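Engineer:
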Amino acid sequence: MKEFYMKRAIELAEKAVGFVNPDPLVGVVLVKDNRVIGEGYHKEYGAPSAIEEMLSTIKEDIYGSELYINLEPEFDIIVNSGIKKLYIGMLNPDKTKSNIEKFISSGIEVNVGILKEECEELNEIYKHYTLFKTPFVFTKWAMTLDGKLATKTGDSKWISGEESLRFVHHLRQRVAAIMVGENTVRQDNPMLTTRLEGVQISNPLRVILSKYGDISPEANVLKVDSDTKTLIISSINIPEDKEKFLVNKGVQLIKIKEKNNRIEFKDIVKALGEMKIDSLYIEGGSSVLASAFESGIVNKVYAAIAPKIIGGKDAITPVGGIGIERMKDAIVLKNVKHEIVGNDVIFKGYI
């Protein structure tokens with residue numbers, strides 16, 4: 001039953017996906033005499049903790065109860081609550097905030113590691129941001145069976161199926177920011193918003209990499225409101241008239257000093273981290289992805305492979321740039337998993 005209750009805590013935590021960043025996703029289940037007497041989750045950034053939210057709803061005595069929580073809790077709220085057993089999925093990544101010894105010395109039984117792998121994946125963004133103060137970065141692309149991102153004319157609608165497209169929107173819901181380059185804006189004119197049915201929507205901050213602000217006035221990413229915001233990352237050498245135009249459109253602008261005639265991704269993620277952006281989803285295009293991989297800032301990769309063949313030596317591949325010269329230098333993903341989504345196969349792995 002321990003795994004059952006922890007799985008429920010994870011399910012509760014997932015309800016807040018897209019609304020707590022840069023806080024962690026936390027769910028709790030309180031059990032007494034083999035009965036669930038309380039549930040809760042951290043609902044949004046700045047809101048009461050999962051435990052506080054749960055305790056506010058309980059009408060009976062909780063003395064002697066067991067708490068299942070996917071992430072190590074704060075000490076003060078537990079110690080005088082009457083809870084006598086703690087089942088914790090993962091420890092707080094900030095070791096200075098660990099309370100395990102304090103719980104034990106207070107007479108509370110502690111069990112750590114229930115569904116640990118699932119709990120750590122759930123809060124991989126929080127863990128990375130806590131440790132490094134830069135966003136957890138992942139990339140995703142859809143390609144054909146022969147490794148093409150688009151045809152030789154640039155047509156890419158649609159490589160993957162509807163089910164894979166829904167998967168993409170769940171990824172967008174998860175992150176604080178989504179990035180594309182100005183070429184993708186020019187060619188596809190994307191909205192970069194989250195479109196899901198039956199759930200409350202959270203749109204990520206749209207981050208556009210545009211060295212000199214060469215974005216069409218008609219671009220969808222320049223249509224901003226309280227729910228859809230855009231950040232342009234440019235060079236400090238952006239022309240004054242372009243900067244003024246973008247700011248007047250209501251977008252935010254960050255100017256970064258060029259190095260070797262380019263904006264370095266390490267400087268980008270540092271700037272985003274200072275804005276409390278805990279996660280960045282790089283959706284394209286191929287030159288942006290190449291720069292991200294070359295800089296070493298990518299943490300996780302999703303790749304959807306559709307059962308289609310395009311052919312053509314001039315057809316676009318997902319990752320551009322110069323590329324490596326020897327296979328021994330290839331980036332090799334770790335902890336690789338895959339799932340079939342519709343007719344597509346989606347791989348995910350870590351760098």
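Its first residue numbered 1, the sequence shown is counted upward by one per residue in the UniProt record's numbering.
C-beta: ideal position from N, C-alpha, C; glycine also.
Because the structure is a prediction, the values reported are computed rather than measured.
In whole angstroms, give me the CA-to-CA distance for Q173 and V17.
Structural biologist: Approximately 7 Å between the Cα atoms of the pair.
Engineer: For the alpha helix (DSSP H) holding M54, just list the boundary residues, first then last.
Structural biologist: Element bounds for M54: A50 to L55.
Engineer: Given a threshold of 16 other Cβ atoms within 10 Å of its Cβ, counted over all protein chains shown, does L149 qualify as buried or as exposed?
Structural biologist: Classification of L149: buried, given that the 10 Å Cβ count is 16 or more.
Engineer: Measure the alpha-carbon distance for Y281 versus Y129 and round it to whole angstroms.
Structural biologist: Taking the straight line from one Cα to the other gives about 14 Å.
Engineer: According to the Cβ coordinates, are N111 and K85 closer than 9 Å?
Structural biologist: Yes, the pair counts as a contact, with Cβ atoms nearer than the cut-off.
Engineer: For the alpha helix (DSSP H) that contains R174, what are its first and last residues?
Structural biologist: It spans E162 to R174 - the alpha helix (DSSP H) in which R174 sits, taken as one unbroken run.
Engineer: If I follow the unbroken alpha helix (DSSP H) through N183, where does it start and stop?
Structural biologist: From DSSP, the alpha helix (DSSP H) with N183 extends over E182 to D188.
Engineer: How should V28 be labelled, buried or exposed, when 16 other C-beta atoms within 10 angstroms of its C-beta is the threshold for buried?
Structural biologist: Result: buried.
Engineer: So is L145 buried or exposed if we call it buried at 16+ other beta carbons inside 10 Å?
Structural biologist: That one is exposed.
Engineer: Return helix, strand or coil for L67, following the three-state DSSP convention.
Structural biologist: Looking at L67 - three-state DSSP - the assignment turns out to be strand.
Engineer: Since L30 sits in a beta bridge, which residues does DSSP pair it with?
Structural biologist: Beta-bridge pairing links L30 to G38 and L67.
Engineer: Please report how far the alpha carbon of M54 lies from the alpha carbon of L30, in whole angstroms.
Structural biologist: Taking the straight line joining both Cα atoms gives about 8 Å.
Engineer: DSSP three-state label for G273, please.
Structural biologist: Here G273 sits in helix by DSSP.
Engineer: May I ask you to report which of helix, strand or coil DSSP gives N335?
Structural biologist: Note: N335 maps to strand in three-state DSSP.
Engineer: What distance in whole Å lies between the Cβ atoms of M6 and L115, which are believed to be in contact at a cut-off of 8 Å?
Structural biologist: Confirmed, Cβ separation roughly 5 Å.
Engineer: Ordered along the chain, which non-local residues of its own chain (more than five positions away) have a Cβ less than 8 Å from that of S98?
Structural biologist: The answer, listed in chain order, is E72, L91 and N92.
Engineer: Taking E60 as the reference, give the member of N70, F293 and I37 with the closest Cα.
Structural biologist: Of N70, F293 and I37, the residue nearest in Cα terms is I37.
Engineer: With distances taken between CB atoms, is the gap from G285 to Q200 smaller than 9 Å?
Structural biologist: Not closer than 9 Å, so no.
Engineer: On a CA-only basis, which of I256, G323, V251 and D278 is nearest D227? Give me that one, please.
Structural biologist: Comparing Cα-Cα distances from D227 to each of I256, G323, V251 and D278, the minimum goes to V251.
Engineer: Taking C-alpha atoms, which residue in I125, F4 and M143 lies nearest to A304?
Structural biologist: Residue M143 is the option with its Cα nearest to A304.
Engineer: Take P22 and list the residues in its own chain whose beta-carbon comes closer than 6 Å to its own, dropping the five residues that flank it on each side.
Structural biologist: Cβ within range, chain order: Y129, K276 and D278.
Engineer: Do G312 and A290 have their beta-carbon atoms positioned less than 9 Å apart in this structure?
Structural biologist: No. Outside cutoff.
Engineer: Tell me the DSSP bridge mates of I114?
Structural biologist: According to DSSP, which records beta bridges pairwise, I114 is partnered with nothing at all.
Engineer: If I follow the unbroken alpha helix (DSSP H) through R326, where does it start and stop?
Structural biologist: Segment: none, R326 is in no alpha helix (DSSP H) and carries neither H nor E.
Engineer: If I62 and A9 are in contact, beta carbons under 8 Å, what's the gap, nearest whole angstrom?
Structural biologist: At roughly 16 Å, the Cβ-Cβ gap does not stay under 8 Å, so I62 and A9 are not in contact.
Engineer: Does the Cβ-Cβ distance between I51 and E74 come in under 9 Å?
Structural biologist: Against a cut-off of 9 Å, the Cβ pair of E74 and I51 comes out as a contact.
Engineer: Check whether the stretch 250-267 touches the stretch 230-242, counting contact only when three or more Cβ pairs, one atom from each stretch, lie closer than 8 Å.
Structural biologist: Touching, yes, given that three or more Cβ pairs across the two stretches are closer than 8 Å.
Engineer: How would you write the range of the beta strand (DSSP E) that K149 sits in, first residue to last?
Structural biologist: Correcting the residue type first, residue 149 is Leu in the shown sequence and not Lys. Counting along the chain, L149 falls outside any beta strand (DSSP E), and DSSP gives it neither H nor E.
Engineer: May I have the straight-line CA-CA distance separating E283 from G273, to the nearest angstrom?
Structural biologist: The alpha-carbon atoms of E283 and G273 are separated by roughly 19 Å.
Engineer: Around the C-beta of W158, are 16 or more other C-beta atoms found within 10 angstroms, so that it is buried, or is it exposed?
Structural biologist: Counting Cβ neighbours within 10 Å, W158 comes out exposed, since fewer than 16 surround it.
Engineer: Less than 9 Å separating the beta-carbons of V298 and F167?
Structural biologist: The answer is no: Cβ separation not under 9 Å.
Engineer: For S234, which residues does DSSP report across the bridge?
Structural biologist: S234 pairs with K255.
Engineer: Using CA coordinates, which residue listed in I309, H338, I263 and S49 is at the minimum distance from V301?
Structural biologist: The option with the nearest alpha carbon to V301 is H338.
Engineer: Look at N183 and K211 and say whether their C-beta atoms are less than 9 Å apart.
Structural biologist: Not in contact: N183 and K211 (Cβ atoms no closer than 9 Å).
Engineer: Run the CB neighbour count on I309, radius 10 Å, all protein chains shown included, and call it buried at 16 or more, exposed below.
Structural biologist: Under this definition I309 is an exposed residue.
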